[in-house]
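End of the sequence shown = 324 in the UniProt record's numbering, gap-free, step of one.
Backbone N, C-alpha and C fix where the C-beta goes; we use that ideal spot for every residue, glycine too.
Here's the structure we're looking at; comments come further down.
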Amino acid sequence: MAHLRLSIAQLGNIVIGRSCILKCEISARKFGGCAAAATAQRSVDTTATVELEHRDQENLTGSERRGNANGADNFEVNLNDEDQVASQYGAHPSDDKQCLYDEHIPTTVLQKGLLAVGSAFMSLYDPYRDDMIASLGEVTGHYALQRLQDKMLADSEGTQILDERPRINTRTVDMDWLASLPLGTLGREYVDFMKRNRITSDTRTPVHFVDDPDLAYVMQRYREIHDFNHALLGMPATMLGEVTVKWFEMINTGLPMTTLGALFGPLRVKRRNIGKLVNVYIPWVVQTAPKAKLLLNVYFEKRWEQPMTELCSEIGIRPFSNDR
Numbered sequence: 001m002a003h004l005r006l007s008i009a010q011l012g013n014i015v016i017g018r019s020c021i022l023k024c025e026i027s028a029r030k031f032g033g034c035a036a037a038a039t040a041q042r043s044v045d046t047t048a049t050v051e052l053e054h055r056d057q058e059n060l061t062g063s064e065r066r067g068n069a070n071g072a073d074n075f076e077v078n079l080n081d082e083d084q085v086a087s088q089y090g091a092h093p094s095d096d097k098q099c100l101y102d103e104h105i106p107t108t109v110l111q112k113g114l115l116a117v118g119s120a121f122m123s124l125y126d127p128y129r130d131d132m133i134a135s136l137g138e139v140t141g142h143y144a145l146q147r148l149q150d151k152m153l154a155d156s157e158g159t160q161i162l163d164e165r166p167r168i169n170t171r172t173v174d175m176d177w178l179a180s181l182p183l184g185t186l187g188r189e190y191v192d193f194m195k196r197n198r199i200t201s202d203t204r205t206p207v208h209f210v211d212d213p214d215l216a217y218v219m220q221r222y223r224e225i226h227d228f229n230h231a232l233l234g235m236p237a238t239m240l241g242e243v244t245v246k247w248f249e250m251i252n253t254g255l256p257m258t259t260l261g262a263l264f265g266p267l268r269v270k271r272r273n274i275g276k277l278v279n280v281y282i283p284w285v286v287q288t289a290p291k292a293k294l295l296l297n298v299y300f301e302k303r304w305e306q307p308m309t310e311l312c313s314e315i316g317i318r319p320f321s322n323d324r
C-alpha cells in the first residue's frame, strides 16, 4: 500500500509540473492569445534545453564538446517529440489548435490521455484537489456533455439557459439580497448553506480542456450549480455529503468523473460514517435521483423567491431527513 501511495504521489508531481506549464499558457493567452501561449510553452522548453546543454558543456573537454555537437542538435530536435507522437494517434500539435473561448487550453489526444490518467490518480489520492477533479471531468466527459446538451435543448428552461448562459458568482448574484429573502425560499436556503459551510461560488474552476465552447458552458454550469445540489438534497459540505451528492450527480448527469467520485469516494469517508453511507444515504439517493428532473434544466437564478418545498416537489426531489 505504501508503494502504491508513493507511486501516486510521484505521478502527482508530474501532473502538477504539467499544470504549472498549463497555467503559464493561460497567463500568456490573456496577453496574446494561443500564439503567445504556444510561444511561451516553446520558450520554457527551449530555455530548459539551453540551460541543460550549457551545464553539460561546462563539464566537457574540447574533444568531448566536438563529439557531442551533433548530440546537442539531436536533443533540440526532440523538443517536438510530443507533437510527433500525438500526430501518430490522429491528433494535431496543440500549438496549431485555436483558442475557442476564454481560458481554453487546446490539447492533443495524447495530452488528454495523460491528463485523464494523472488527474484520476490524484483525485483518488487527494479528493480535495478540485483542480485535478476538474481536469478529469473535462477530458473524459465529451460524450456525456453532448447528451446533457441534447437534454437541455429538448427542454424550454434548459434552452433558455443555453441561450443566455448565466454565470453564478459573487459578481453576478447579490448575496446580500438573497440573505434578506424569507426563510424557506431558494435564495435564502442557498446563501445560508454557503455561509454555514464557509464556501463561496467564486471558487469554481474555469473550464480549460473541453474543445467545444457550447459543451464547455455545459460543464461550467454543472460546476456552478453544484452547491444548489447540496442545498436541495440537504447534504452538508462534508466528505459524507460530497459522496452522496456525487451519487446523485452520477445518476442525474452521467458524467464519468461523478462515477469515479461515487464509487471511490467512500474510501475517504470516515470509518464511523461508512455504515450510514451504505445503509442510509446511498439507498435514499438511488431512490431519489432517477425521479428527479435534470438539474441543469433548472434556471435557479429566476427562482430565488420560490419556496424550496415547492421547487423540490416540482423537480422531483425528496430532501434527506436526519430522522432516517
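- Burial state of Y281 is buried, judged by a 10 Å Cβ sphere holding 16 or more other Cβ atoms.
- The beta carbon of G137 sits closer than 7 Å to those of M219, L255 and M257, all from its chain and outside the five residues before and after it, given in chain order.
- Here Q111 is buried, its C-beta having at least 16 other C-beta atoms within 10 Å.
- In the DSSP assignment, P307 is bridged to T185.
- Per DSSP, L296 is not a residue of any alpha helix (DSSP H), being assigned neither H nor E.
- For Q149, the uninterrupted alpha helix (DSSP H) run begins and ends at H142 to L153, by DSSP.
- Here L295 is not near R303, since their CB atoms are 8 Å or more apart.
- In the DSSP assignment, A262 falls within the alpha helix (DSSP H) that extends over P256 to F264.
- For L215 and L162, the gap between their C-alpha atoms comes out near 10 Å.
- Contact check between the stretch 267-274 and the stretch 285-293: fewer than three CB pairs, one atom from each, fall below 8 Å, which does not count as touching.
- In the three-state reduction of the DSSP assignment, H226 falls in the helix class.
- In this chain, Y281 is not harboured by any alpha helix (DSSP H), its DSSP state being neither H nor E.
- The beta carbon of N229 sits closer than 7 Å to the beta carbons of V245, F248, E249 and L295 from its chain, once the five residues preceding and following it are set aside; these are given in chain order.
- If you look at Q111, you'll find it in the alpha helix (DSSP H) that goes V109 to Y125.
- Following the DSSP letters along the chain, one finds D176 inside the alpha helix (DSSP H) bounded by residues M175 to A179.
- Counting along the chain, F248 sits inside the alpha helix (DSSP H) bounded by residues M239 to T253.
- Under the DSSP assignment, R271 falls in the alpha helix (DSSP H) whose first and last residues are R271 to K276.
- Across the structure, V109 and D150 are spaced so that their CA atoms are roughly 24 Å apart.
- When Y222, G275, A231 and A237 are compared, the shortest CA-CA separation from I317 is found for A231.
- Here E103 carries a coil assignment [DSSP, helix/strand/coil].
- Distance from the CA atom of E157 to the CA atom of R221, rounded to whole angstroms, is 14 Å.
- The beta carbons of Y299 and Q98 sit no closer together than 8 Å.
- Per DSSP, reduced to three states, the secondary structure at M132 is helical.
- Straight through space, the alpha carbons of H208 and T107 are spaced by roughly 10 Å.
- Straight-line spacing of the CA atoms in L233 and L115 works out to 31 Å.
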